[in-house]
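Visitor: Quick note, the sequences are listed as chains B and A, same order.
Quick note: to get the working numbering, add 41 to the position in the first sequence (first position is 1).
Quick note: to get the working numbering, add 531 to the position in the second sequence (first position is 1).
Have a look at this one before I ask anything.
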Amino acid sequence: MLFVCLAAIWLTGFGLVRWMFPRPLGWSLHNALLLSLGIGAGAGIASCLYFLSLVLAGPNFTVLASVTGGAAIAGLVFGLLTRRQGTLLAWAEGPDVPDVPWYFRGLFLLAIALAVTSFLVAVSNNPHGDQGAWSMWNLRARFLFRAGAFWRDAFSNDLGWSHPDYPLLLPGLVALCWKLAGQESTGAPIAIAFLFALATAGVLTGVLGVLRGKTPALVGGTLLLGTASYIALSAAEYGDVPLSFYILATLALLCLQDRHPEDLRFSALAGLMAGFAAWTTNEGIIFLAAVIVARVVATVRFRGRSGPTALAPEMLWLIAGLAAPLAVVILFKLRVGGASDFWSEKPALVLQHLADPGRWIVTAQGLVIVLFALGRFLISIVAVLALYWYLVRFKVQDSRDRAGLATAAIALGLTLAIRLLGDILFAGNLVIEIATSFERVVLQLWPAGVFLFFLASGPLQLTAAEKPAPRNKTSRKALKPSRRAAETH
Amino acid sequence: MLPASPACTFPSVLSAKLIGLARHKFAVIALAAIALCSTFWALLDVLGAVSHNQIFGVASFENRFDEFRKTVRPHSVYGYVSDNAPNDPSARPEFYLTQYTLAPALVKSTAEEPLVIVNFHSGKPDYGLLRANKLALVQDFGNGVMLCRRVQ
Numbered sequence: 042m043l044f045v046c047l048a049a050i051w052l053t054g055f056g057l058v059r060w061m062f063p064r065p066l067g068w069s070l071h072n073a074l075l076l077s078l079g080i081g082a083g084a085g086i087a088s089c090l091y092f093l094s095l096v097l098a099g100p101n102f103t104v105l106a107s108v109t110g111g112a113a114i115a116g117l118v119f120g121l122l123t124r125r126q127g128t129l130l131a132w133a134e135g136p137d138v139p140d141v142p143w144y145f146r147g148l149f150l151l152a153i154a155l156a157v158t159s160f161l162v163a164v165s166n167n168p169h170g171d172q173g174a175w176s177m178w179n180l181r182a183r184f185l186f187r188a189g190a191f192w193r194d195a196f197s198n199d200l201g202w203s204h205p206d207y208p209l210l211l212p213g214l215v216a217l218c219w220k221l222a223g224q225e226s227t228g229a230p231i232a233i234a235f236l237f238a239l240a241t242a243g244v245l246t247g248v249l250g251v252l253r254g255k256t257p258a259l260v261g262g263t264l265l266l267g268t269a270s271y272i273a274l275s276a277a278e279y280g281d282v283p284l285s286f287y288i289l290a291t292l293a294l295l296c297l298q299d300r301h302p303e304d305l306r307f308s309a310l311a312g313l314m315a316g317f318a319a320w321t322t323n324e325g326i327i328f329l330a331a332v333i334v335a336r337v338v339a340t341v342r343f344r345g346r347s348g349p350t351a352l353a354p355e356m357l358w359l360i361a362g363l364a365a366p367l368a369v370v371i372l373f374k375l376r377v378g379g380a381s382d383f384w385s386e387k388p389a390l391v392l393q394h395l396a397d398p399g400r401w402i403v404t405a406q407g408l409v410i411v412l413f414a415l416g417r418f419l420i421s422i423v424a425v426l427a428l429y430w431y432l433v434r435f436k437v438q439d440s441r442d443r444a445g446l447a448t449a450a451i452a453l454g455l456t457l458a459i460r461l462l463g464d465i466l467f468a469g470n471l472v473i474e475i476a477t478s479f480e481r482v483v484l485q486l487w488p489a490g491v492f493l494f495f496l497a498s499g500p501l502q503l504t505a506a507e508k509p510a511p512r513n514k515t516s517r518k519a520l521k522p523s524r525r526a527a528e529t530h
Numbered sequence: 532m533l534p535a536s537p538a539c540t541f542p543s544v545l546s547a548k549l550i551g552l553a554r555h556k557f558a559v560i561a562l563a564a565i566a567l568c569s570t571f572w573a574l575l576d577v578l579g580a581v582s583h584n585q586i587f588g589v590a591s592f593e594n595r596f597d598e599f600r601k602t603v604r605p606h607s608v609y610g611y612v613s614d615n616a617p618n619d620p621s622a623r624p625e626f627y628l629t630q631y632t633l634a635p636a637l638v639k640s641t642a643e644e645p646l647v648i649v650n651f652h653s654g655k656p657d658y659g660l661l662r663a664n665k666l667a668l669v670q671d672f673g674n675g676v677m678l679c680r681r682v683q
């Protein structure tokens with residue numbers, strides 16, 4: 042029954058994204074990307090519908106089943122029966138001819154195998170997740186599922202240590218699966234965690250493949266799947282990996298928008314993903330604000346003369362996409378969510394924290410340590426990426442990517458800066474906050490950071506084969522004199 | 532001055548290309564190898580922790596509260612007391628686990644509620660602790676889990 046629930050949720054999302062970007066069914070990069078985006082879209086839609094049903098009709102099984110089933114059927118009708126042809130998302134041509142070397146495909150498959158094995162070992166021994174899962178995410182899901190008419194107890198101030206102000210995408214999704222399956226199980230949060238990790242890797246590899254080609258896509262995917270602490274965080278069943286999916290999806294879709302400025306549905310879907318980020322955690326709300334600012338600045342600054350004229354329609358579609366999930370977030374914050382421990386600090390204390398240079402220094406130190414130790418790599422990933430940059434270099438190969446790169450860089454930088462500023466101003470025990478949450482905050486941005494890095498890196502070639510020359514009379518005639526000259530000399 | 536012949540420039544172009552190819556191959560293989568080795572190492576760490584029983588057992592903790600959980604009703608509120616030492620690092624996680632196990636009841640980390648859950652690790656009641664917190668035993672659920680009431 043859990044499988045049926047998850048299939049219905051995924052079908053809802055896949056139907057929506059396929060309706061927006063239709064292509065014939067069949068194995069292709071386009072459809073693989075839609076499958077990955079569909080997981081996140083479906084999860085967000087299902088969670089929003091669950092919360093709205095809960096608020097409007099209470100924990101009524103008939104209503105929940107009808108709403109979820111109706112959404113899945115709508116997804117099926119719109120997505121699978123559409124006959125339109127939309128923008129094609131295909132592998133970009135890379136310098137490797139005819140294809141990526143076999144050994145590198147093997148490394149990518151090995152990365153997938155190791156990541157899946159690590160995830161399964163972790164969840165088989167910790168099916169309830171790590172402490173944050175059973176003290177916050179899954180705890181909230183249990184209240185929503187078990188409490189019946191008293192579901193609002195999940196946000197009681199007596200549970201202030203469990204962040205009752207945090208939005209409900211993940212707990213709502215878990216509780217919905219339990220409700221539809223008729224029983225509580227550790228299978229639901231585990232499956233959801235796995236699907237989000239899989240979808241994140243799928244979006245990263247897919248969009249890099251569209252924008253840069255197969256080789257950078259597989260390199261980026263290998264790096265993400267080889268990030269041990271990211272896989273561990275996924276198995277911990279926290280909300281950080283779902284948030285990282287939505288952040289990556291938003292920024293990747295905005296880059297695709299720059300490649301296809303005539304198709305504004307990319308902005309609409311990016312807005313929807315940003316809205317779901319806000320529905321996932323409070324950091325998602327920060328990201329939502331940051332990406333809007335970043336998009337405005339980047340479009341005006343880096344899209345040339347077409348920037349200002351393209352900005353208005355794109356922003357309208359972006360806002361149209363995020364409107365629905367943002368409305369759900371606002372409803373939750375105003376009518377349901379508990380008190381935030383951040384805002385409980387006295388203003389005088391906040392000002393004192395602001396003026397304390399020690400807090401700024403400790404935060405900066407903590408960030409540097411986290412960056413150098415990020416991912417539990419055997420060698421610091423900062424050093425490895427620096428070496429990679431030295432050997433491959435950065436080069437924006439397509440000028441249309443400048444705005445997307447700038448959007449991503451500004452949005453990620455702003456999100457991180459505001460989050461750290463929040464800790465400096467509001468965290469009671471800054472040292473504990475750094476020790477327990479800094480790495481997770483950076484890992485939320487890690488998939489998007491990997492995307493940004495490989496989008497900016499230079500062309501990558503692993504094979505010596507030349508691309509075949511274009512076959513036309515002009516080129517054949519042009520070749521002949523130089524060949525004669527080479528033979529003569 | 533005659534331009535350099537293709538035969539002279541061709542080897543230098545080729546060698547530059549091969550150097551670039553080698554650089555790219557090294558960059559990619561180094562990145563992939565470090566990522567894969569790191570994941571493998573982390574996997575060995577997890578397997579090691581499992582074999583030495585270093586994983587915090589949520590299921591075993593929940594099993595202790597199984598009988599008590601069957602009596603829990605939504606919207607009920609309980610206090611919580613345990614025989615953990617004040618500086619015991621597992622005290623707080625155990626409180627969170629107790630709340631997780633007994634949801635949808637609300638559990639507060641205080642002895643000031645009319646009904647209080649007491650968590651004894653030894654399995655035997657510590658009546659001194661109960662008296663110190665002004666608690667009287669209501670029901671013993673076994674495995675060190677007891678329901679007590681606040682007395683004046």
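Even for Gly, the Cβ is constructed at its ideal location relative to N, Cα and C.
From the DSSP output, in three-state form, read off M42(B) for me.
Guide: Here residue 42(B) corresponds to residue number 1 of the first sequence, with the count starting at 1. Correct three-state label for M42(B): coil.
Visitor: Applying a beta-carbon distance threshold of less than 8 Å, which residues of chain A neighbour W175(B)?
Guide: Position 134 of the first sequence, counted from the first residue, corresponds to residue 175(B). Neighbours of W175(B) on chain A, chain order: V589, Y627, L628 and Y631.
Visitor: Figure out for me which residue from T291(B), L426(B) and F343(B) has the closest Cα to the Cα of S77(B).
Guide: The residue given as residue 77(B) occupies position 36 in the first sequence. For the residues T291(B), L426(B) and F343(B), the minimum Cα distance to S77(B) belongs to T291(B).
Visitor: Counting Cβ pairs closer than 8 Å, one from the region 265-280 of chain B and one from the region 227-234 of chain B, do we hit at least three?
Guide: yes
Visitor: Helix, strand or coil, according to DSSP, for I648(A) in the structure here?
Guide: Mapped onto the second sequence, residue 648(A) falls at position 117. Three-state DSSP puts I648(A) in a strand.
Visitor: Quick one: list the residues of chain D neighbouring G267(B), beta-carbon separation under 7 Å, in chain order.
Guide: In the structure shown, chain D does not exist; the protein chains are B and A.
Visitor: Expressed to the nearest angstrom, what Euclidean distance is found between the alpha-carbon atoms of E593(A) and P283(B)?
Guide: Position 62 of the second sequence holds residue 593(A). Position 242 of the first sequence holds residue 283(B). For E593(A) and P283(B), the distance between alpha carbons rounds to 27 Å.
Visitor: Please confirm if P620(A) has its CB atom under 8 Å from at least one CB of chain B.
Guide: In the second sequence, counting from the first residue as 1, residue 620(A) sits at position 89. No, no contact with chain B.
Visitor: Please state if the CB of T263(B) and the CB of A573(A) are separated by a distance shorter than 8 Å.
Guide: For the purposes of this step, residue 573(A) is identified with residue 42 of the second sequence, where counting begins at 1. For the purposes of this step, residue 263(B) is identified with residue 222 of the first sequence, where counting begins at 1. Not closer than 8 Å, so no.
Visitor: How is the beta strand (DSSP E) around S613(A) delimited, first residue to last?
Guide: In the second sequence, counting from the first residue as 1, residue 613(A) sits at position 82. Unbroken beta strand (DSSP E) run through S613(A): V608 to S613.
Visitor: Beta carbons nearer than 9 Å to chain A: which residues of the region 405-426 of chain B have them?
Guide: Here the close residues are G416, R417, F418, L419, I420, I422, V425 and L426.
Visitor: Quick one: which residues of the region 150-166 of chain B get their C-beta closer than 7 Å to a C-beta of chain A? List them in chain order.
Guide: Across the region 150-166 of chain B, CB contacts with chain A closer than 7 Å involve L151, A152, L155, A156, T158, S159, V162, A163 and N166, in sequence order along the chain.
Visitor: Using C-beta distances below 8 Å, list every residue in its chain close to N198(B), excluding the 5 sequence neighbours before and after it, in chain order.
Guide: Here residue 198(B) refers to the residue found at position 157 when the first sequence is read from its first residue. These residues qualify, in order along the chain: P205, G379 and A380.
Visitor: Report the three-state DSSP secondary structure of V669(A) (helix, strand or coil).
Guide: Position 138 of the second sequence, counted from the start, is the residue given in the question as residue 669(A). Here V669(A) sits in strand by DSSP.
Visitor: Classify R146(B): buried if its beta carbon has 16 or more other beta carbons within 10 angstroms, exposed otherwise.
Guide: The residue given as residue 146(B) occupies position 105 in the first sequence. Label assigned to R146(B): exposed.
Visitor: State yes or no: is the beta carbon of Q393(B) nearer than 8 Å to at least one beta carbon in chain A?
Guide: Within the first sequence, the letter at position 352 stands for residue 393(B). With 8 Å as the cut-off, Q393(B) does not count as an interface residue toward chain A.
Visitor: Can you tell me the Cα-Cα spacing of L151(B) and N323(B), whole angstroms?
Guide: Sequence index remark: in the first sequence, residue 151(B) carries index 110 (1-based). Sequence index remark: in the first sequence, residue 323(B) carries index 282 (1-based). Taking the straight line from one Cα to the other gives about 35 Å.
Visitor: Looking at the unbroken beta strand (DSSP E) that takes in M677(A), where does it start and where does it end?
Guide: The sequence position of residue 677(A) within the second sequence is 146, counting from 1. Where M677(A) is concerned, the enclosing beta strand (DSSP E) stretches over V676 to R681.
Visitor: Given that F184(B) touches chain A, what residues does it touch there, using C-beta distances under 8 Å?
Guide: Taking the first residue of the first sequence as 1, we reach residue 184(B) at position 143. Result: A634 and P635.
Visitor: Report the partner residues of F307(B) according to the DSSP bridge assignment.
Guide: Position 266 of the first sequence, counting from 1, holds the residue named residue 307(B). Paired residues: none, contrary to the question.
Visitor: Examine chain A for any beta-carbon lying closer than 8 Å to the beta-carbon of H169(B), and answer yes or no.
Guide: Locating residue 169(B) in the first sequence gives position 128, counting from the first residue. Yes, because at least one Cβ of chain A sits closer than 8 Å to the Cβ of H169(B).
Visitor: In terms of alpha-carbon separation, which member of A444(B), V482(B), A156(B) and A195(B) lies closest to P349(B)?
Guide: To locate residue 349(B), count along the first sequence from 1; it is residue 308. Closest option to P349(B), Cα to Cα, is A444(B).
Visitor: Could you check where the alpha helix (DSSP H) with L236(B) kicks off and where it finishes?
Guide: Looking up residue 236(B) in the first sequence gives position 195. Unbroken alpha helix (DSSP H) run through L236(B): G228 to L252.
Visitor: Which residues of chain A have a Cβ atom closer than 8 Å to the Cβ of R187(B), listed in chain order?
Guide: Within the first sequence, numbered from 1, the residue matching residue 187(B) stands at position 146. Neighbours of R187(B) on chain A, chain order: P605, A634 and P635.
Visitor: Using C-beta distances below 8 Å, list every residue in its chain close to N618(A), excluding the 5 sequence neighbours before and after it, in chain order.
Guide: On the second sequence, position 87 is the one that residue 618(A) refers to. Here the set comprises nothing.
Visitor: The alpha helix (DSSP H) spanning V215(B) covers which residue range?
Guide: As a first step, residue 215(B) is located in the first sequence; it is residue number 174 there, counting from the start. Judged by DSSP secondary structure, V215(B) falls within the alpha helix (DSSP H) whose first and last residues are L210 to A222.
Visitor: Is the beta carbon of Y631(A) less than 8 Å from the beta carbon of W178(B)?
Guide: By 1-based counting over the second sequence, the position of residue 631(A) is 100. By 1-based counting over the first sequence, the position of residue 178(B) is 137. The answer is no: Cβ separation not under 8 Å.
Visitor: By the 10 Å Cβ neighbour count, where 16 or more other Cβ atoms means buried, how is N72(B) classified, buried or exposed?
Guide: In the first sequence, residue 72(B) corresponds to position 31, counting from 1. Buried, because 16 or more other Cβ atoms sit within 10 Å of the Cβ of N72(B).
Visitor: Is the region 351-360 of chain B in contact with the region 234-252 of chain B, if contact means three or more CB pairs nearer than 8 Å?
Guide: no
Visitor: Whole angstroms are fine: how far does the CA of G399(B) sit from the CA of I465(B)?
Guide: Here residue 465(B) is taken as the residue at index 424 of the first sequence, counted from 1. Here residue 399(B) is taken as the residue at index 358 of the first sequence, counted from 1. Cα to Cα, I465(B) sits roughly 10 Å from G399(B).
Visitor: Check each candidate in A113(B), R193(B), F237(B) and V403(B) and name the one with the smallest Cα separation from L471(B).
Guide: For this step, residue 471(B) is matched to residue 430 along the first sequence. Selected option, being the one with the closest Cα: V403(B).
Visitor: DSSP three-state call for L294(B): helix, strand or coil?
Guide: By one-based count along the first sequence, residue 294(B) stands at place 253. Helix.
Visitor: Against chain A, which members of the region 193-204 of chain B pass a CB distance test of less than 9 Å?
Guide: D194, A195, S197, D199, L200, W202 and S203
Visitor: Here's the rule I'm using: 16 or more other beta-carbon atoms within 10 Å means buried, otherwise exposed. How should K436(B) be labelled?
Guide: Numbered from its first residue, the first sequence carries residue 436(B) at position 395. Under this definition K436(B) is an exposed residue.
Visitor: Quick check: what's the CA-CA separation for S421(B) versus V411(B)?
Guide: For the purposes of this step, residue 421(B) is taken as residue 380 along the first sequence, with counting starting at 1. For the purposes of this step, residue 411(B) is taken as residue 370 along the first sequence, with counting starting at 1. Straight-line Cα distance between these residues: approximately 10 Å.
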